[in-house]
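Participant: Position one of the sequence shown corresponds to residue 22 (the working numbering), numbered consecutively onward.
First the structure, which I've put down as structure tokens, then a few questions once you've had a look.
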Amino acid sequence: RPSTALERLSQAVSPPSPPAPAAQPAVAAPPGAPTPPPFAPSRERELEVALPKLLTGRWEGELDFAVSARILVIDSVRREGDKWIVQARFGVADVDLQATPVTLETADDRVILKFTTSLGSRLSLILYSDAALRGTFKLAFEARERRIEFRKATTPPATAGVPEGLTVAFRHPPDQARVTEASSVVAAIVTSGKGVAQVSVTLNGTEVHKQTERTPAKSVVVSVPVTLRQGPNVIAITATEPDGTVRQELRTISYEKPPVAVATPAQPAAPKPPADRWAVVIGVGRYDNPGIPRLRYTVPDAEAIYQILTGPVGVKKENVLLLTDKTERKPTLRNIKWALGTFLARAAKKDDMVLIFFAGHGAPEVDQRGVEQDGLAKYLVPSDADPDDLFSSALPMDDIQTIFGRIEAERVVVFLDSCYSGAGGGRTFASKKTRASYVDELFLERLTRSKGRAIITASRPTEVSIELPELGHGIFTYYLLQGLKGAADLNRDGIVSLQELYEYVEQQVTQKSRAVGANQHPVMKGELEGVLPLVKVKP
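Structure representation (structure tokens):
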């Protein structure tokens, strides 16, 4: 006879069966969640009948981090031979639901759904006998494990009509919350039957985000990173309809710094040497579009970095990809994405180290999504880029986050000899649609939230990364090369670490740029555990 777990799950779709002893749980729920017995299938025929009815429909999810709203709509479930075929959509709200491939597996007393979310994370859900889907996942930019729980909606979403009135639904932070981290995210969904024309977010009276919809949408998703000050913080979201109707919602969140430990921390131990090293080196000097200025020394920069990586640093030649104007594989958008997101993702293992070097133009463009605090999206410019359409022809710096998530190696270091100020001269330019503007450093901090990821850029946000004929290189790359040859071995122990290399390059570039009447300061962002050795040199 069927198990009681199957009977309980089937109550919503079939007449109840006589009670029987309850099935015992075999798989624990995620930490912090209640642990009812998992679904316990007894026969395949029962599954083929019950599962489609139980799973099909709208599931509303809650996560244990910032944006707490998620929707999973399972349109159909069917059995074909020995496989389950699932059609489903996933998103933050109804307006952005997108089809997502789902794998459904049954094993022992579990029914497991697996898919990749729009956040680039792999999600695994287990169906429980209380008709809930619980699982765990990891965001691409975080190492910690997250928890999620979906419950089937008791009422269908209001898709036939339009929302009545203007509403601002805060998802995060909760009102009167107390936190111990300054970084937070403001998340909300704004809806209106008339459409939403504009949404702004203020923090303690200062506007930190504003987005204007050219075509007012019925629903607008708001997700804005903010940095809290110590003590109470007032967050306001103000929404406006096309006719001028305004609605505002407020939240108060208090930031309290965690107590500082009195004991002196021990010196971090150097991690064990990586099992292997991998690198991608890119130099773009000539561009297909005549509207993009050529760069004289980016290719020599890349070639010199390649030589030192495959020489003193000791990276195997077969482990390094070189993309320049002179190589067979050109630095086009497709080739760059393949090198970073496919080659490294397939090759580098957990204990390996990955080095990425890019010399070429960086460029800003107006951020149409309204995500960036400075209003500018940033791009690395490949050889086949269109300066008037960077969105579709260049590599968004935000994609670095996704690339980090695809690489299994626990230590990834990126060197960028380019800049994004849009100012005249140097390794940057602005499209005709964009004026030069301030580019905040919070952007780089966001890209390197995961441990084991670091980015070193050639200059600060508003500065230009310059080339010097007397050096035959970009000034940043020149001192990077000198440092790797041994000049950065500041403690004379015969090893150049990443920390020593940055300290040396930052000092030398700053001094040299001032000597030639410029102003350039390299910047490093990211978090690496312990000392990261890069190259052995003669002390």
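By construction, the Cβ of each residue, glycine as well, lies at the ideal position given by its N, Cα and C atoms.
1) Less than 8 Å separating the beta-carbons of VAL94 and LEU76?
2) Within the same chain, show all residues whose beta-carbon is closer than 6 Å to that of ALA179, passing over the 5 residues directly before and after it, in chain order.
3) Tell me the residue span of the beta strand (DSSP E) that contains GLY426.
4) Taking C-beta to C-beta, are ARG317 and GLU488 nearer than 8 Å?
5) If we ignore side chains and look at the alpha-carbon of each, how far apart do SER414 and GLY473 end up?
6) By alpha-carbon positions, which one of GLU431, GLY216 and ASN310 ends up nearest to LYS370?
7) Between SER89 and the rest of its own chain, which residues show a CB-CB distance below 8 Å, the 5 nearest in sequence each way excluded?
8) Figure out for me which residue from THR227, GLU126, LEU271 and LEU376 has the closest Cα to the Cα of ASP297.
9) Does DSSP classify SER197 as helix, strand or coil?
10) Should the region 235-248 be regarded as contacting the region 214-222, the criterion being three or more beta carbon pairs within less than 8 Å?
11) Quick one: is ASP373 buried, meaning 16 or more other Cβ sit within 10 Å of its Cβ, or exposed?
12) I'd like to confirm the pairing. Which residues does DSSP put opposite ILE357 in its beta bridges?
13) DSSP state of GLN328, grouped into three classes?
14) Under 7 Å Cβ to Cβ from SER221, same chain only, skipping five residues before and after it: list those, please.
15) Hey, how far is the Cα of TRP359 from the Cα of SER486?
16) Using CA atoms only, rank isn't needed, just tell me which of ARG155, ILE496, LEU492 and GLU491 is closest to SER480.
17) How many Å lie between LEU492 and GLY306 at the Cα?
18) If we count the other Cβ atoms within 10 Å of its Cβ and call it buried at 16 or more, is PRO321 buried or exposed?
19) Report the residue from ARG143, ARG167 and VAL132 whose alpha carbon sits nearest the alpha carbon of ALA153.
20) Where VAL433 and ALA190 are concerned, what is the direct C-alpha to C-alpha distance, given to the nearest angstrom?
21) What does a CB cutoff of less than 7 Å around PRO279 pick up in its chain, not counting 5 residues either side in sequence?
22) Whose C-alpha, out of ASN310, VAL435, GLY381 and VAL336, is nearest the C-alpha of LEU361?
23) Find out if the Cβ-Cβ distance for the pair GLY426, VAL402 is shorter than 8 Å.
24) Roughly how many whole angstroms lie between the Cα atoms of GLN552 and SER518?
Facilitator: Checking against the coordinates, here is how it stands:
1) Numbered from 1 along the sequence shown, position 73 holds the residue referred to as residue 94. Numbered from 1 along the sequence shown, position 55 holds the residue referred to as residue 76. Result no, Cβ atoms of VAL94 and LEU76 do not sit closer than 8 Å.
2) Against the sequence shown, residue 179 aligns to sequence position 158. Here the model assigns ALA179 a pLDDT of 46, short of 50, so the residue's position is not dependable, and the following value carries that caveat. Nothing meets the Cβ criterion.
3) Sequence index remark: in the sequence shown, residue 426 carries index 405 (1-based). Not the beta strand (DSSP E): GLY426 falls in the alpha helix (DSSP H), residues 420-427.
4) Taking the first residue of the sequence shown as 1, we reach residue 317 at position 296. Taking the first residue of the sequence shown as 1, we reach residue 488 at position 467. Cβ distance < 8 Å, so ARG317 and GLU488 count as in contact.
5) Position 393 of the sequence shown holds residue 414. Position 452 of the sequence shown holds residue 473. Rounded to the nearest angstrom, the two C-alpha atoms are 29 Å apart.
6) Within the sequence shown, numbered from 1, the residue matching residue 370 stands at position 349. Nearest of GLU431, GLY216 and ASN310 to LYS370, Cα basis: GLU431.
7) Here residue 89 refers to the residue found at position 68 of the sequence shown. Bear in mind that a pLDDT of 46 at SER89, under 50, signals an unreliable position, so the number given afterwards is only what the model happens to contain. Cβ neighbours of SER89 beyond the five flanking positions: GLU83, ARG192, HIS193 and ALA208.
8) The count along the sequence shown starts at 1 and reaches residue 297 at position 276. Comparing Cα positions, the closest option is LEU376.
9) Position 176 of the sequence shown holds residue 197. In the sequence under discussion, the amino acid at residue 197 is Gln, which differs from the Ser named in the question. Of the three classes helix, strand and coil, the one that applies to GLN197 here is coil, per DSSP.
10) yes
11) For the purposes of this step, residue 373 is taken as the residue at position 352 of the sequence shown. By the 10 Å Cβ count, ASP373 comes out buried.
12) Reading the sequence shown from its first residue, position 336 is the one you call residue 357. DSSP, once it has assigned bridges, lists no residue as partnering ILE357.
13) Stepping through the sequence shown from its first residue, residue 328 is reached at position 307. In this structure, GLN328 counts as helix in the three-state DSSP scheme.
14) By 1-based counting over the sequence shown, the position of residue 221 is 200. Excluding positions up to five away in sequence, the list reads GLU228, HIS230, LYS231 and THR259.
15) As a working mapping, residue 359 is identified with position 338 in the sequence shown. As a working mapping, residue 486 is identified with position 465 in the sequence shown. Whole-angstrom Cα-Cα distance: 26 Å.
16) Along the sequence shown, one-based indexing puts residue 480 at 459. Comparing Cα positions, the closest option is ILE496.
17) Numbered from its first residue, the sequence shown carries residue 492 at position 471. Numbered from its first residue, the sequence shown carries residue 306 at position 285. Rounded to whole angstroms, LEU492 to GLY306 spans 17 Å at the Cα level.
18) As a position in the sequence shown, residue 321 is number 300, starting the count at 1. Buried, because 16 or more other Cβ atoms sit within 10 Å of the Cβ of PRO321.
19) Locating residue 153 in the sequence shown gives position 132, counting from the first residue. Ranking the options by Cα distance to ALA153, first place goes to VAL132.
20) Within the sequence shown, residue 433 is the residue found at index 412, counting from 1. Within the sequence shown, residue 190 is the residue found at index 169, counting from 1. So the two alpha carbons sit approximately 38 Å from each other.
21) Along the sequence shown, read from residue 1 onward, the residue named residue 279 stands at position 258. Correct list, in chain order: THR201.
22) For the purposes of this step, residue 361 is identified with residue 340 of the sequence shown, where counting begins at 1. Measuring from the Cα of LEU361, the nearest candidate turns out to be VAL435.
23) Here residue 426 refers to the residue found at position 405 of the sequence shown. Here residue 402 refers to the residue found at position 381 of the sequence shown. No, these two residues do not count as a Cβ contact at 8 Å.
24) In the sequence shown, residue 552 corresponds to position 531, counting from 1. In the sequence shown, residue 518 corresponds to position 497, counting from 1. The question names Gln, but residue 552 in the sequence shown is Val. In a straight line, the C-alpha of VAL552 is about 7 Å away from that of SER518.
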